[in-house]
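Chains as they are written, first to last, in my numbering: chain A, 1 to 162; chain B, 163 to 297. Where is the CB? At the ideal position from N, CA and C, for every residue including glycine. All values derive from a computational prediction rather than experimental measurement. Step one of this worksheet: look at the structure below.
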Amino acid sequence: LDHYGLHMYMFYFFFSSRRRHTRCSGVSWARRCVQETDKMVFEIVPKIQNFVMRSYNWSDGSKRLLLHPAGPFTVFFWCPMIKWGISFVNVRDIYYTPLEAVSSKLQFVLFISGLVWARYAMVITPKNYLLGASNFLMGVIAGVQLYRKWRAGQLILSLIHI
Amino acid sequence: FFFLMIRRPPRSTQSRSSAASDVYKRQEYMGIIINTKPKMADTSVNWIMKFINSPVGPKTTHFWGPICNWFLVVQGFLERDRAPARISRNMQTVLVIYSSSFMRFAYQVKPRNWLLFSMHLMNVVVQGLSLIHIS
Numbered sequence: 001l002d003h004y005g006l007h008m009y010m011f012y013f014f015f016s017s018r019r020r021h022t023r024c025s026g027v028s029w030a031r032r033c034v035q036e037t038d039k040m041v042f043e044i045v046p047k048i049q050n051f052v053m054r055s056y057n058w059s060d061g062s063k064r065l066l067l068h069p070a071g072p073f074t075v076f077f078w079c080p081m082i083k084w085g086i087s088f089v090n091v092r093d094i095y096y097t098p099l100e101a102v103s104s105k106l107q108f109v110l111f112i113s114g115l116v117w118a119r120y121a122m123v124i125t126p127k128n129y130l131l132g133a134s135n136f137l138m139g140v141i142a143g144v145q146l147y148r149k150w151r152a153g154q155l156i157l158s159l160i161h162i
Numbered sequence: 163f164f165f166l167m168i169r170r171p172p173r174s175t176q177s178r179s180s181a182a183s184d185v186y187k188r189q190e191y192m193g194i195i196i197n198t199k200p201k202m203a204d205t206s207v208n209w210i211m212k213f214i215n216s217p218v219g220p221k222t223t224h225f226w227g228p229i230c231n232w233f234l235v236v237q238g239f240l241e242r243d244r245a246p247a248r249i250s251r252n253m254q255t256v257l258v259i260y261s262s263s264f265m266r267f268a269y270q271v272k273p274r275n276w277l278l279f280s281m282h283l284m285n286v287v288v289q290g291l292s293l294i295h296i297s
């Protein structure tokens, strides 16, 4: 830039009508970041749902299940499914981990909370039988673990009892 | 100047002459109670009573379920010094996955349950730290 070129540049810059460093939205930039991330991530599932609904001529019953508000494309379905996973891992632990790795505190908490949630799943509206069943099973299996620990304790006591 | 005032004939005026004193007491007129200050809702309840009566308050199951679940976090904290051979890594992993998904559940469910959300967040932190410590 020669001397007058700089003058011309400054003139152009200061007197041109361009938007400079101004915000579009009325929220903070952090919230805008979170909004855009949410848009990217949480609109994937509706897109998958649209694709699935259009890819095949589903029957009325299937359509009703797939579009249910607690159906397979919502979090209200997959969270209880993951809760079943706790029961399955606990059952696996009965057979494949040593008894010392079983934490009686954890099993006690799972037992109590499983029974409480099983009762409350029947009391809430709408009644959630799947949630109640999964929690009840979790409580039962935790009870089995507690019984194992108690039995091992009884065996040890019987060994040291002279 | 006064002949410009429009003088209403007497029979069209109201019959009540207690208008001045009605300001000070509630009076019924044509079935409507007039001159009353609109009764404001009793906003003198403090935040404790508001919470107790809220849809996620102690009278509902949405409160006691998460309270039960908070003992998971307590257990994780109390057993942080347990020897690695005495901890079941499978259970801790499953609890981390379970809690991270239920954070989203607690956010989306109606009524929004921040107690459950915070519990699962702390559960992820506690169990995750324990897993990291073991490995």
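Member of the options whose CA lies at the smallest distance from the CA of residue i
i	options	result
B/Asn285	A/Asn135, A/Leu106 and A/Trp78	A/Leu106
A/Phe77	A/Leu155, A/Phe15 and A/Ser134	A/Ser134
B/Ile249	A/Gln145, A/Leu99, A/Leu157 and A/Tyr95	A/Leu99
A/Ala108	B/Cys230, B/Val287 and B/Ala247	Note that residue 108 of chain A is Phe in the sequence shown here, rather than Ala. Minimum Cα distance to A/Phe108 is reached at B/Cys230.
B/Gly219	B/Ala245, B/Asn208 and B/Asn275	B/Asn275
A/Arg148	A/Ile94, A/Trp29 and A/Asn128	A/Ile94
Below-9 Å beta-carbon distance, residue i vs any chain B residue
i	result
A/Val89	yes
A/Asp60	no
A/Ile86	yes
A/Glu76	The sequence shown places Phe at residue 76 of chain A, rather than the Glu named in the question. So, interface residue.
A/Cys33	no
A/Arg148	no
A/Tyr120	yes
A/Ser103	yes
A/Asp93	yes
A/Thr37	no
A/Lys83	yes
A/Leu137	no
A/Asp106	At residue 106 of chain A the sequence reads Leu, which differs from the Asp that was named. For A/Leu106, the answer is yes, since a Cβ of chain B falls inside 9 Å of its Cβ.
A/Ser25	no
A/Ser28	no
Beta-carbon spacing of residue i, residue j below 9 Å
i	j	result
A/Gly153	A/Leu115	no
A/Ser113	B/Phe233	yes
B/Phe267	A/Val75	yes
A/Gly132	A/Trp117	yes
B/Leu293	B/Arg244	no
B/Phe264	A/Cys79	yes
B/Leu277	B/Pro228	yes
A/Leu66	A/Gln49	yes
A/Leu110	A/Asn128	no
A/Val41	A/Phe73	no
B/Ile291	B/Ser261	Checking the displayed sequence, the identity of residue 291 of chain B turns out to be Leu instead of Ile. No. Outside cutoff.
Reduced DSSP secondary structure (H/G/I, E/B, other) of residue i
i	result
A/Phe73	coil
A/Asn90	helix
A/Val45	helix
B/Glu241	coil
Residue i at chain A interface by Cβ criterion, 9 Å
i	result
B/Phe279	no
B/Ile252	Sequence check: residue 252 of chain B is Asn here, not Ile. Yes, because at least one Cβ of chain A sits closer than 9 Å to the Cβ of B/Asn252.
B/Ser216	no
Answer yes if the region 82-91 of chain A comes into contact with the region 239-257 of chain B, meaning at least three C-beta pairs across the two stretches below 8 Å, and no otherwise. yes
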